[in-house]
Structures are given as structure tokens and as C-alpha cells.
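Written below as C-alpha cells is the structure these notes are about.
There are 6 protein chains.
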Amino acid sequence: MSNSVQEFNDYRAKMNDKILADNNKIIKRIFNLDTNAFAEGALDVKTKELLGLVASTVLRCDDCVKYHLETSYNLGLKKEEVVEALGIATLVGGTIVIPHLRRAYEFWDNLESQS
Amino acid sequence: MSNSVQEFNDYRAKMNDKILADNNKIIKRIFNLDTNAFAEGALDVKTKELLGLVASTVLRCDDCVKYHLETSYNLGLKKEEVVEALGIATLVGGTIVIPHLRRAYEFWDNLESQS
Amino acid sequence: MSNSVQEFNDYRAKMNDKILADNNKIIKRIFNLDTNAFAEGALDVKTKELLGLVASTVLRCDDCVKYHLETSYNLGLKKEEVVEALGIATLVGGTIVIPHLRRAYEFWDNLESQS
Amino acid sequence: MSNSVQEFNDYRAKMNDKILADNNKIIKRIFNLDTNAFAEGALDVKTKELLGLVASTVLRCDDCVKYHLETSYNLGLKKEEVVEALGIATLVGGTIVIPHLRRAYEFWDNLESQS
Amino acid sequence: MSNSVQEFNDYRAKMNDKILADNNKIIKRIFNLDTNAFAEGALDVKTKELLGLVASTVLRCDDCVKYHLETSYNLGLKKEEVVEALGIATLVGGTIVIPHLRRAYEFWDNLESQS
Amino acid sequence: MSNSVQEFNDYRAKMNDKILADNNKIIKRIFNLDTNAFAEGALDVKTKELLGLVASTVLRCDDCVKYHLETSYNLGLKKEEVVEALGIATLVGGTIVIPHLRRAYEFWDNLESQS
């Protein structure tokens with residue numbers, strides 16, 4: 001499986017467009033909520049992004065992990081902060097999280113090397 | 001990951017043959033039950049197919065989703081019916097279902113374009 | 001664990017009121033979507049209720065199962081229709097679903113005996 | 001939640017009878033398979049029981065864990081063997097398994113003290 | 001199910017003592033790691049506690065949620081911060097998280113009213 | 001997705017090296033525990049490997065399944081023993097396990113054909 005940042009973003013954008021063009025009200029609102037939930041509030045955006053990352057990691061959703069890694073990277077979160085969050089996720093979620101940790105590390109490397 | 005209908009069906013058929021040739025009684029009976037569970041009963045086959053689709057979607061099993069999408073398509077279920085079922089699955093299962101929704105939409109497009 | 005219909009509904013209503021009074025926008029909208037998703041659309045309400053039931057059962061959420069059993073009951077779905085849906089859920093979700101099946105049967109009995 | 005062995009067995013037996021009396025073919029066959037899968041085969045019954053225990057523990061199904069603990073106990077498996085299996089389950093499944101581990105220890109104590 | 005803070009803590013402490021007295025090396029080390037993972041590091045303890053809370057909520061582990069709610073409360077996290085974290089968890093994990101949200105709200109009330 | 005044994009092992013080794021070089025204490029200790037948990041103890045290594053395989057299968061972690069299949073193969077476990085374990089996993093975890101079963105069979109074939 002390719003872990004390229006560009007390829008991931010392109011596929012994600014293309015399919016999101018298709019899904020939203022379909023005009024299913026429930027799905028559109030869930031997409032909309034997703035934007036709102038990670039906006040500044042009582043918690044700052046960096047903390048919220050890490051919450052999204054940990055939720056995605058323990059639920060073992062590679063694409064969700066990549067998305068939150070990229071947003072974390074763009075927000076200026078440092079690798080050691082991200083890794084501490086991933087460490088908590090691995091402990092809470094168990095060793096079945098490890099294959100996803102490998103792909104997360106690879107994707108983070110790709111984020112750093114494309115800059 | 002290729003999302004081609006033919007490729008999916010070929011791999012699925014080849015490996016199912018291998019598994020069934022192995023003669024493990026438990027596994028064979030589970031395969032057999034799978035055929036029975038979706039047959040006409042108190043509920044019609046279309047409804048049952050949608051139940052299988054939603055179960056597969058919230059459990060985030062891409063191959064199971066593809067299988068039920070193809071069967072739904074062949075039974076004549078309309079896209080908007082399938083999408084409403086997927087919308088319920090996304091709401092109940094949360095935004096981690098979204099990557100699977102992208103692949104489901106892509107596979108449905110492939111089903112339509114191969115006809 | 002008590003499986004009384006009245007007790008379940010009272011606790012559910014009381015806590016939902018507390019949660020909604022708290023005015024967290026994300027949570028309020030998710031509650032709101034939940035009402036919309038099961039309304040008549042391309043699929044009728046009975047089918048949607050069964051989709052919600054199966055999603056809840058394979059995800060092994062007892063309270064969600066009870067909620068959808070009660071709504072199914074009130075919509076006039078027959079026991080054999082509900083049981084066929086639960087059968088599909090047990091097959092797709094595996095034998096770990098069985099303890100939830102026991103509680104579902106007990107709750108359905110309570111729904112019938114309170115009428 | 002009571003963790004009494006007798007209470008657990010009584011509820012389980014009563015509800016299984018109700019479910020099986022209902023004559024849903026899929027559900028009956030799944031119950032039947034459950035008996036077959038743990039019978040002596042290429043693997044001995046003690047090993048199979050531990051496999052069932054670990055599967056139930058990582059999937060965090062308390063009632064399934066209790067069932068396999070009781071069968072393990074009756075087959076003469078030693079506590080340290082059972083605990084090693086639970087240790088693997090906790091590592092693979094993560095710290096969210098720990099609350100289930102507490103209830104498993106309590107149930108095992110109850111199995112020992114009722115003899 | 002009682003949601004009393006004292007009762008929860010007493011049972012948790014009693015069973016943890018039993019488990020640790022059992023001297024299974026793997027389990028003891030996992031307990032030990034659990035303490036270390038939430039200590040101050042690149043991320044502060046409040047953020048880590050919220051990460052633990054969100055991981056526990058999407059994995060739908062009531063006892064883990066209670067534990068992280070209590071620690072969050074003792075660290076001085078405000079209710080609106082905790083609720084924003086729970087909102088993200090409900091969006092990512094879906095409406096099956098809602099029953100756990102009800103119990104989380106009830107437990108937080110109990111934490112506040114016992115002070 | 002390629003199912004080649006060599007490719008799987010190479011990627012796994014390369015990324016594990018990266019992760020461990022990163023010196024996050026929690027993650028390093030979890031990796032270390034993983035080695036210890038499957039060492040000879042009250043249970044022999046073959047039994048423990050099957051426990052790891054079943055845990056990985058019901059949690060539907062393909063990479064974990066491959067890892068335990070390879071170790072099982074190297075320990076001299078016979079195919080029919082491995083298949084009985086996979087059969088229990090499929091029954092407990094449900095038909096959503098079947099796509100992982102297909103990939104497990106394919107990987108086992110690759111293990112046999114590379115010897």
C-alpha cells in the first residue's frame with residue numbers, strides 16, 4: 001500500500017467530492033460536524049487534533065490516522081508530542097495497534113520529507 | 001488498493017475454494033449458514049442484503065461491504081436506498097466509517113460502469 | 001441488570017435531558033441527526049429501524065439494541081422479523097453477540113408483557 | 001453487577017432455552033456450532049478452551065469470558081495457565097481489557113470458593 | 001448499575017490488589033506502564049488525561065471512562081473541556097457511544113456532588 | 001495487497017527499527033513485553049502462539065495474523081492445528097472474519113511454498 005501524502009490527499013478529496021455531490025443529508029451533516037468538532041473551543045486546536053489522532057489510532061483506522069497526522073504536522077505539533085499520543089494509543093489499544101503505528105511512522109516521515 | 005469488481009470476485013472465489021477444500025467442519029458450516037441467512041424469510045432478500053451491508057459497514061469490513069454492495073446491485077436496489085443505509089451506518093459507527101464509505105462509493109461506481 | 005422497559009426509558013430520558021441542556025453544539029447535532037436518520041426516505045421507517053437494530057447488535061451496544069427493539073415494537077414489526085434481523089447480526093458479528101441476544105430476547109418479552 | 005456463578009448459569013440457561021425454543025434456524029445452528037468448535041480435534045479441549053477465553057477477552061465480552069473460565073475450571077486448567085492466557089489477551093487487546101480482567105479474577109475466585 | 005464514585009474506586013482497588021498479588025509478570029508490567037504513560041512529558045498531564053479519556057470513550061469502556069473522568073476532575077480540568085473531548089469521541093465513535101456518554105455525565109455529576 | 005512473506009518481514013523489520021530508534025519509553029516497553037508474553041511459561045510456546053493468532057484474528061489485524069502464522073509455522077505447528085484455531089476465531093468473531101481468513105490461507109500457502 002502506497003503511503004504517499006499526495007496520493008492519499010488526492011483520493012480523499014476526489015471521493016469526498018463524490019460523496020457530498022450525492023446530497024444525502026445525513027452524510028453531508030456528518031462531514032460538516034467533522035469540521036466543526038476540531039475548531040478552537042474550550043480546548044485549543046492542537047489538543048483537539050491529538051484527541052482525533054488517538055481516537056483514530058485505537059480504532060485502527062489508517063486513513064483517519066493519516067488525516068490527523070497531516071493536520072497535526074501542519075499545525076506545528078512536534079514529532080515527540082505526536083509520538084507520546086501514539087504511545088498512549090498503543091498502550092490503551094494493545095499490540096494490535098502496532099501495525100498501524102508502523103504505517104503512522106512511515107506517513108510522518110513522508111510528511112517531513114515532502115516539505 | 002484496486003477496487004475492480006472482477007479482481008475482487010476472482011480472488012474471493014479462488015480463496016473460498018481453497019478454504020472449503022480444506023474440509024474444516026466449523027468453517028464450512030459457517031460459509032453454509034452465510035448463504036442461508038440472506039435467503040427470503042419473514043424479511044425479503046433486499047432488506048436482508050441491506051442489513052448485511054450495514055453490519056459490514058459499521059464493523060468496517062471493506063470486503064464484506066463490497067460483497068453486499070454487489071449483491072444489492074444485482075438485486076436491483078437503487079443507489080439512494082443503498083446510500084441511506086450507508087448513512088445510518090456512518091451515523092451509528094461514527095466518522096471512522098468515512099474511509100470505508102469512500103471505498104464503497106468507488107466500488108458502487110465500478111459496479112455501475114461495468115454493466 | 002434490570003431489563004425493565006420503564007426504568008430504561010426513564011434513565012435514558014433523564015440523562016438525554018442533562019446532556020442536551022449542556023449545550024455542546026457537536027453533541028446536540030449528533031442527537032438531532034439521530035432523529036433524522038431514521039425518518040421515512042428512500043427506505044421506509046421499519047427497514048431503517050431494523051438497520052439500526054442490526055448495527056447496534058453487531059457493535060454490541062445493549063442500550064442501543066433496547067432502544068431499537070422498543071421502536072421496532074411500537075412500529076408494529078413482528079417478532080419473527082426482528083429475530084431474523086438478530087440472526088443476521090449474530091452470524092456477521094459472531095458468538096460474542098450471543099449474550100446481547102439473550103438480553104434482547106428478555107427485553108422483547110418485557111415489551112410484550114407490559115402492553 | 002453480581003458475579004455469582006449460580007446466578008450467571010441460571011440466567012444463561014433460561015435465556016438459551018427461550019432463544020432455542022424460538023426455532024430461528026440460523027441462531028440454532030450457530031449455537032450448535034459453538035458446541036462442536038470446542039470439541040477434541042487436532043487441538044485438545046484445554047487448548048481450545050483457552051483459545052475461546054482469549055478471543056472472548058480481547059473482544060471484551062464478560063459473559064463469554066465467564067463461560068470459558070467456568071469450562072476451563074471444570075476441565076482442570078490451573079489458575080496460572082488461565083492467567084497466562086489472560087496476560088496475552090491484555091497485551092494484545094490493551095489496557096481497556098483491564099476492567100474485564102478484574103471481573104475475570106473475581107469470577108475465578110467465585111469458581112474456586114463454591115467448590 | 002451504581003455509578004457511585006466510592007464504590008467504583010473500592011472495587012477497582014480491591015481487584016487491582018488481587019491481580020498484582022498474583023505476580024504475572026506481563027500483567028504487572030502493563031499496570032506499571034499505565035502509570036508511566038500518563039506522566040508529564042512532551043505533553044502535559046491534562047492533555048494526556050484527555051487522550052486517555054477519548055481513547056476509552058471510543059472503545060466504549062465505561063470503567064476506563066470513569067477512571068479518566070475522576071483523574072481529569074482531580075487535575076482541575078473544567079467540565080466544558082471534558083465535554084468537548086467527549087464530543088469528539090462521540091463524533092468519531094458514532095451514536096453507539098451515546099449510552100456511555102450518559103453514564104459519563106452521571107459519573108461527572110457524582111464527582112462534583114461528592115466534593 | 002501483496003502477501004509475500006519476504007516483503008512483509010522486510011517492511012516490518014524496517015519500521016520496527018525506526019520506531020525503536022525513536023526512544024519513546026512506553027512504546028519500547030510494549031515491544032519488549034510482546035517478546036516476553038509469548039515465551040515458555042505455564043503454557044508452552046505453541047499454545048501461546050495459537051492464543052496470539054486467535055486474538056489477532058478476532059480483532060481482524062492482518063499483519064498480526066501473518067506474524068503469528070509465520071511464528072506458528074516456524075515452531076512446527078501443523079496446518080490442521082492452525083486451521084482449527086482459525087475456525088474458533090471465525091465462529092467467535094463472526095463472518096466479518098472471513099476476508100481475513102482468506103488472506104491467512106494465502107499467507108500460509110506462501111509460507112509453505114517458500115520453504
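Going down the list, the sequences are from chains W, S, X, G, V and F. Mapping to the UniProt record's numbering: the first sequence position 87 is 87, numbers consecutive. Mapping to the UniProt record's numbering: the second sequence position 87 is 87, numbers consecutive. Mapping to the UniProt record's numbering: the third sequence position 84 is 84, numbers consecutive. Mapping to the UniProt record's numbering: the fourth sequence position 28 is 28, numbers consecutive. Mapping to the UniProt record's numbering: the fifth sequence position 7 is 7, numbers consecutive. Mapping to the UniProt record's numbering: the sixth sequence position 82 is 82, numbers consecutive. Think of the CB as a built atom: it goes at the ideal place given N, C-alpha and C, for glycine as much as any other residue.
* **Chain-ordered chain X contacts of V65(V) [CB-CB under 8 Å]** => On the fifth sequence, position 65 is the one that residue 65(V) refers to. The contacting residues do not exist; V65(V) stays about 14 Å from chain X at best.
* To do: Locate the alpha helix (DSSP H) running through L53(W), then write down its first and last residues.
  => Taking the first residue of the first sequence as position 1, residue 53(W) is located at position 53. Run containing L53(W): V45 to V58, per the alpha helix (DSSP H) assignment.
* Asked: Can a CB atom of chain F be found closer than 8 Å to the CB of V92(W)?
  -> Numbered from 1 along the first sequence, position 92 holds the residue referred to as residue 92(W). No - not a single Cβ of chain F is within 8 Å of the one on V92(W).
* Neighbourhood of R12(G) by C-beta distance below 6 Å, restricted to the same chain and skipping five residues each side -> The count along the fourth sequence starts at 1 and reaches residue 12(G) at position 12. Hits under 6 Å: none found.
* With DSSP as the reference, label L77(X) as helix, strand or coil. => The residue you call residue 77(X) lines up with position 77 of the third sequence. Coil.
* Asked: How about the region 23-41 of chain X and the region 82-92 of chain V: do they share at least three Cβ pairs that are nearer than 8 Å?
  -> yes
* Rounded separation between L101(S) and E70(W) - CA only -> Here the question's residue 101(S) lines up with position 101 in the second sequence. Here the question's residue 70(W) lines up with position 70 in the first sequence. Going from the Cα of L101(S) to the Cα of E70(W) covers about 20 Å.
* Can you tell which of V82(V), P99(V) and D44(V) has the C-alpha that lies nearest to the C-alpha of V54(V)? -> Locating residue 54(V) in the fifth sequence gives position 54, counting from the first residue. Looking at V82(V), P99(V) and D44(V), the one whose alpha-carbon comes closest to that of V54(V) is V82(V).
* Could you pull out every residue in the same chain whose Cβ sits closer than 7 Å to the Cβ of I19(G), ignoring the five residues on either side in sequence? => As a working note, residue 19(G) is residue 19 in the fourth sequence. If we look at I19(G) and ignore the five residues flanking it on each side, its Cβ neighbours are I27.
* Are the region 57-66 of chain V and the region 57-74 of chain F in contact at 8 Å, needing three or more beta carbon pairs? -> Contact between the region 57-66 of chain V and the region 57-74 of chain F is absent: fewer than 3 CB-CB pairs across the two stretches fall below 8 Å.
* Report the neighbours of V5(W) on chain F: residues whose CB is nearer than 8 Å to its CB, in chain order. => Here residue 5(W) corresponds to residue number 5 of the first sequence, with the count starting at 1. Going along chain F, no residue has its Cβ under 8 Å from V5(W), so there is no contact; the nearest lies around 17 Å.
* Asked: Hey, out of T95(W), R29(W), K78(W) and V5(W), whose CA is closest to E49(W)'s CA?
  -> Along the first sequence, read from residue 1 onward, the residue named residue 49(W) stands at position 49. Among T95(W), R29(W), K78(W) and V5(W), the Cα nearest to that of E49(W) belongs to K78(W).
* **Expected contact under 8 Å - CB spacing of I30(X) and L59(V) to nearest Å** => Indexing the third sequence from 1 puts residue 30(X) at position 30. Indexing the fifth sequence from 1 puts residue 59(V) at position 59. Not really, about 18 Å apart at Cβ, beyond 8 Å.
* To do: Could you check which residue in D17(S), L75(S), S113(S) and G93(S) has the C-alpha nearest to that of C61(S)?
  => Here residue 61(S) is taken as the residue at index 61 of the second sequence, counted from 1. When each option's Cα is compared against that of C61(S), the closest is G93(S).
* Residues in the region 25-44 of chain X with C-beta within 8 Å of chain W's C-beta atoms, listed in sequence order? -> K25, I26, R29, I30, L33, N36 and A37
* Evaluate T35(V) with the Cβ neighbour count: other Cβ atoms within 10 Å of its Cβ, from every protein chain shown; 16 or more gives buried, anything less gives exposed. => As a working note, residue 35(V) is residue 35 in the fifth sequence. Exposed, since its Cβ has fewer than 16 Cβ neighbours within 10 Å.
* Using only alpha-carbon positions, find the residue among S4(G), V5(G) and D17(G) that is nearest to I98(X). => Here residue 98(X) refers to the residue found at position 98 of the third sequence. Taking only the C-alpha atoms, the option nearest I98(X) is D17(G).
* By the criterion of Cβ-Cβ separation under 7 Å, what are the contact partners of I96(W) in chain F? -> Mapped onto the first sequence, residue 96(W) falls at position 96. Per Cβ cutoff of 7 Å: S56, L59, C61 and C64.
* **Nearest neighbour of K46(S), chosen from N9(S), S56(S), L75(S) and N32(S) [CA to CA]** => On the second sequence, position 46 is the one that residue 46(S) refers to. Comparing Cα positions, the closest option is L75(S).
* **Reduced DSSP secondary structure (H/G/I, E/B, other) of S72(F)** => Here residue 72(F) corresponds to residue number 72 of the sixth sequence, with the count starting at 1. Three-state result, S72(F): helix.
* With 16 as the cutoff for other CB atoms within 10 Å, does residue 198(G) come out buried or exposed? -> Because chain G spans 1 through 115 in this model, residue 198(G) falls outside it and cannot be assessed.
* **Rounded straight-line distance, which links the Cα of A37(F) to that of T95(V)** => Here residue 95(V) refers to the residue found at position 95 when the fifth sequence is read from its first residue. Here residue 37(F) refers to the residue found at position 37 when the sixth sequence is read from its first residue. Rounded to whole angstroms, T95(V) to A37(F) spans 36 Å at the Cα level.
* Tell me, to the nearest whole angstrom, how far the beta carbon of E80(X) is from that of A42(S); I am working on the premise that it is less than 8 Å. => Position 80 of the third sequence, counted from the start, is the residue given in the question as residue 80(X). Position 42 of the second sequence, counted from the start, is the residue given in the question as residue 42(S). With 8 Å as the limit, E80(X) and A42(S) qualify as a contact, their Cβ atoms being about 4 Å apart.
* Note down, in chain order, each residue of its chain lying with its Cβ closer than 7 Å to the Cβ of K14(X), except the 5 sequence neighbours on either side. => As a first step, residue 14(X) must be located in the third sequence, where it is residue number 14. Hits under 7 Å: none found.
* Asked: Straight-line CA distance for D10(F) to S4(W)?
  -> The residue you call residue 10(F) lines up with position 10 of the sixth sequence. The residue you call residue 4(W) lines up with position 4 of the first sequence. For D10(F) and S4(W), the distance between alpha carbons rounds to 19 Å.
* Reduced DSSP secondary structure (H/G/I, E/B, other) of M1(W) -> Position 1 of the first sequence, counted from the start, is the residue given in the question as residue 1(W). Confidence in M1(W) is poor, its pLDDT being 46 and thus under 50, which makes the residue's placement unreliable; the coordinate value appears in the next sentence. DSSP places M1(W) in coil when its eight states are reduced to three.
* Asked: For A39(F), is the classification buried or exposed, using 16 other Cβ atoms within 10 angstroms of its Cβ as the cut-off for buried?
  -> Taking the first residue of the sixth sequence as 1, we reach residue 39(F) at position 39. A39(F) comes out exposed.
* Kindly say whether V83(V), judged by its beta-carbon, lies nearer than 8 Å to any beta-carbon of chain X. => For this step, residue 83(V) is matched to residue 83 along the fifth sequence. Yes, V83(V) lies at the interface with chain X (some Cβ there is under 8 Å from its Cβ).
* To do: Find the residues of chain S that neighbour L51(X), judging by a C-beta separation of less than 7 Å, and give them in chain order.
  => Sequence index remark: in the third sequence, residue 51(X) carries index 51 (1-based). Residues of chain S passing the Cβ test: L50, L51, V54, A85 and I88.
* Should D109(W) be flagged as near chain S, meaning a C-beta pair shorter than 8 Å? -> Here residue 109(W) corresponds to residue number 109 of the first sequence, with the count starting at 1. Answer no: the Cβ-Cβ gap between D109(W) and chain S never drops below 8 Å.
* Which residues in the same chain as residue 120(G) place their Cβ atom closer than 6 Å to its Cβ, once the five residues preceding and following it in sequence are excluded? -> Lying outside 1 to 115, the shown extent of chain G, residue 120(G) is not represented and no answer is given.
* Asked: For E106(V), which of helix, strand or coil comes out of DSSP?
  -> Taking the fifth sequence and counting its residues from 1, the one referred to as residue 106(V) is at position 106. Looking at E106(V) - three-state DSSP - the assignment turns out to be helix.
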